[in-house]
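Colleague:
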Amino acid sequence: MRLHESGGPTELLGFLETLTTVRKRNGEIVTFDPEQVVAWRIVLPPAKG
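Here the numbering used here runs 434 ahead of the position in the sequence shown, where the first position is 1.
Below is the structure:
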């Protein structure tokens, strides 16, 4: 997701755990303000083949 923060736009990639938290690939839980989200993006795993 892209967040609009005071220092400029920030990208946050991970698994949405709750309405205000994301679990990053390294296991870290990050809290965000949903009102700061300006764009959502779904990232799918690569296709096997």
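All residues carry an ideal CB built from backbone N, CA and C; glycine is no exception.
Computed from a predicted structure; not experimentally measured.
(1) Can G448 be considered in contact with the ligand ADP, in the sense that its beta carbon sits closer than 7 Å to one or more heavy atoms?
(2) Would you kindly work out how many angstroms separate the C-alpha atoms of L453 and G483, rounded to a whole number?
(3) Short check: CB of V472 to CB of L437, under 8 Å?
(4) Going by beta carbon distance, what residues of the same chain come within less than 7 Å of V456, once the five residues before and after it are set aside?
Modeller: Per the coordinate set shown:
(1) No copy of the ligand ADP appears in this structure; indeed no ligand is present at all.
(2) The alpha-carbon separation between L453 and G483 amounts to approximately 34 Å.
(3) Result yes, Cβ atoms of V472 and L437 sit closer than 8 Å.
(4) If we look at V456 and ignore the five residues flanking it on each side, its Cβ neighbours are L446, G448, F449, L450, V464 and F466.
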